[in-house]
Amino acid sequence: MNVRKFRTKKLAWMAGIAVGAVALASTATATPESPIVFGPKLTTDHQVRAVVGPSVRIDDEGRISLAWVEEDKDRRTVFYARTEQPRGPIGTPVKVNQSTEAPYMRQEAPALAVAGDDIFLTWALTHPKLTTDKPFSNELRLSRSTDGGKTFLPSILVNDDEQIIGHSFDSLHVAPDGVVHMAWIDGREGKKESGTFVTRSTDHGRTVAKNLKVDDNTCVCCRTSMTSSPDGTLYVAWRKVLPGELRETVVARSTDRGQTFTVPVIVGHDKWQFPGCPHRPASVGTDQLGRLYVVWYTEGVDETPSIFLAYSDDRGDSFSPKQKLNISKGTFPDHPQMAVDPDGRLVIVWEEQSPVRREVVMSVSLDRGRTFSAPQKLNEKKGQTPSLSMNSKGLAALAWMEHAMPVHRMVVQTVQLPAAKVLARQDP
């Protein structure tokens, strides 16, 4: 299988300050009166063999949560840390997994969700019965903390089968009603292509329900993504394999708290033919009117690497024409991630790669995805695997890794957006 993957430490904790402001230079509209305000850059150096991550979340109090996996010598560890305020500092990392558990390293960062002092992480555990002919086999685990991440309870098993297969590329979401939803890619049926599976917890992560298959023929290593709207509609997105090796980003919805899902709907109709797994996920979000936003990577029929956004105002039954976000020539866009606030302000980050550089860039929309700012570089050294989150006040937290030999450097920065130009509650 042709797999396109991103590349991926004792901790020396340090905070670097770089406060700034920049006006939004939209490619289609006038510059707004208020600037985007960047907070300080908080950095932590990891002098270990490898780091996978981070995932990031920010709550309405401005507290930033981070989760990642480290490999040092023969030991792998899932870590969690948080700040008590947007300007830092980042607290001492807390070990999430038990010493007898070996996290699986061949995927992305742990999925992370925060609901007050309840912290949830899903992560893949190397299968206890792993064999050399099934090197990608793992179990999906759910860890939780009830004290704001100071301690973590023993993890529980999410997948309810015992097969020596893959259960990973997971996403995690806490709905407005407090139900914890999980989605992942699962090969339990032994078919050529894996399936998209979900489950939920209605008791704050103590137990999970019977696993539910949403769909067949899932691209085996493009991570799932989940979100929900204020009315409780739950969405899951993934990349589906269609006849002829076509790879399409699709979305399915649930209106009964994750008990059943609709037939998936194609978002972009890209007709991208690729005989392998791109290893590039979609990202989804909603605003307070329920508009569903999807950002994804594709190469389409002309094999041009591109980042697109589309949205739906009918709960995922149909989507707007797709809008291309990357504009740089001679670079390779990668790893798009998105955050949306209730007013319909969007922040999207992705990588821009070339033979000599690797940048993390950001683009912003203040008008519910109609127009976007020109992509802006965020990193100082070679950057990769950006992630982000935004609270209801338009304060976003961005996190990424930088190459700072001989260490792996994690960078966290807040971005305060100006007021929305088109408020979601006023939009017809």
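Going by the numbering used here, the first residue of the sequence shown is number -16, and it counts up by one from there. Beta carbons: idealized from backbone N, C-alpha and C, even for Gly.
Check, Outcome
"Whose C-alpha, out of Asp160, Val284, Gly273 and Lys305, is nearest the C-alpha of Asp420?", "Since the first and last residues shown for the chain are -16 and 411, residue 420 lies out of range."
"Report the partner residues of Ile139 according to the DSSP bridge assignment.", "Leu125"
"Among Ile41, Ile19, Leu25 and Arg32, whose alpha-carbon lies nearest the alpha-carbon of Ser375?", "Ile41"
"Mapping the DSSP letters down to three states, classify Cys205 as helix, strand or coil.", "coil"
"Using 8 Å as the Cβ pair cut-off and three pairs as the minimum, do the segment 214 to 227 and the segment 270 to 287 touch?", "yes"
"What are the boundary residues of the beta strand (DSSP E) that Pro72 is part of?", "Where Pro72 is concerned, there is no enclosing beta strand (DSSP E), given that its DSSP letter is neither H nor E."
"How many Å lie between Trp167 and Thr105 at the Cα?", "10 Å"
"Compare the C-alpha of Phe244 against each of Ser370, Ile102 and Asp199 and name the closest.", "Asp199"
"Using three-state DSSP, classify Lys175 as helix, strand or coil.", "coil"
"Mind listing, in chain order, the continuous alpha helix (DSSP H) runs of no fewer than 4 residues lying wholly within the segment 97 to 122?", "none"
"Looking at Val224 and the ligand FMN, is the gap between the Cβ and the nearest heavy atom below 7 Å?", "The ligand content of the structure shown is nil, which means the ligand FMN is not present either."
"Using the Cα positions of Asp169 and Pro18, report the straight-line distance between them to the nearest angstrom.", "44 Å"
"Helix, strand or coil for Leu308? Go by DSSP, reduced to three states.", "coil"
"From the DSSP output, in three-state form, read off His262 for me.", "coil"
"Please classify Ala8 as buried or exposed, where buried requires at least 16 neighbouring CB atoms within 10 angstroms.", "Interpretation of Ala8 is limited by its pLDDT of 39, a score under 50 that renders its predicted location unreliable; the figure taken from the coordinates is listed afterwards. So Ala8 ends up on the exposed side."
"Tell me whether the beta-carbon of Leu378 lies closer than 8 Å to the beta-carbon of Gly352.", "no"
"When burial is assigned at 16 or more other CB atoms within 10 Å of the CB, is Gly227 buried or exposed?", "exposed"
"Does the Cβ-Cβ distance between Leu440 and Leu400 come in under 8 Å?", "Not covered by the structure: residue 440. The range shown for the chain is -16 to 411."
"Of the residues Asp116, Phe355, Trp255 and Lys112, which one's Cα is nearest the Cα of Glu122?", "Lys112"
"Would you mind giving the Cβ-Cβ distance between Gly299 and Val248, rounded to the nearest angstrom? I have them listed as a contact below 8 Å.", "6 Å"
"Tell me the rounded alpha-carbon separation between Leu58 and Glu84.", "Going by the sequence as given, residue 58 is Arg instead of Leu. Cα to Cα, the separation comes out at about 10 Å."
"Hey, how far is the Cα of Val191 from the Cα of Gly251?", "33 Å"
"Tell me whether Val284 sits in a helix, a strand or coil according to DSSP, three-state version.", "coil"
"May I ask you to report which of helix, strand or coil DSSP gives Leu349?", "coil"
"Of the residues Val141, Val203 and Pro304, which one's Cα is nearest the Cα of Thr354?", "Pro304"
"Could you check which residue in Ser211, Thr232, Gly173 and Arg236 has the C-alpha nearest to that of Cys202?", "Thr232"
"Using CA atoms only, rank isn't needed, just tell me which of Ser337, Ser295 and Val323 is closest to Phe315.", "Ser337"
"Have a look at Lys24, Gln30, Phe62 and Asp43 and flag the residue whose alpha-carbon is nearest the alpha-carbon of Gly36.", "Phe62"
"Where Glu176 and Phe152 are concerned, what is the direct C-alpha to C-alpha distance, given to the nearest angstrom?", "14 Å"
"Is Asp186 near Asp270, with beta carbons less than 8 Å apart?", "no"
"Alpha carbon to alpha carbon, what distance is there between Trp255 and Glu286?", "7 Å"
"Classify Asp100 as buried or exposed, calling it buried when 16 or more other Cβ atoms lie within 10 Å of its own Cβ.", "exposed"
"Please report the distance separating the alpha-carbon of Pro69 from that of Thr397.", "7 Å"
"Taking all protein chains shown into account, decide if Met209 is buried (16 or more other Cβ within 10 angstroms of its Cβ) or exposed.", "buried"
"What did DSSP end up calling Ser154 once you bin it into helix, strand or coil?", "strand"
"Run through DSSP, which three-state label would Phe244 get?", "coil"
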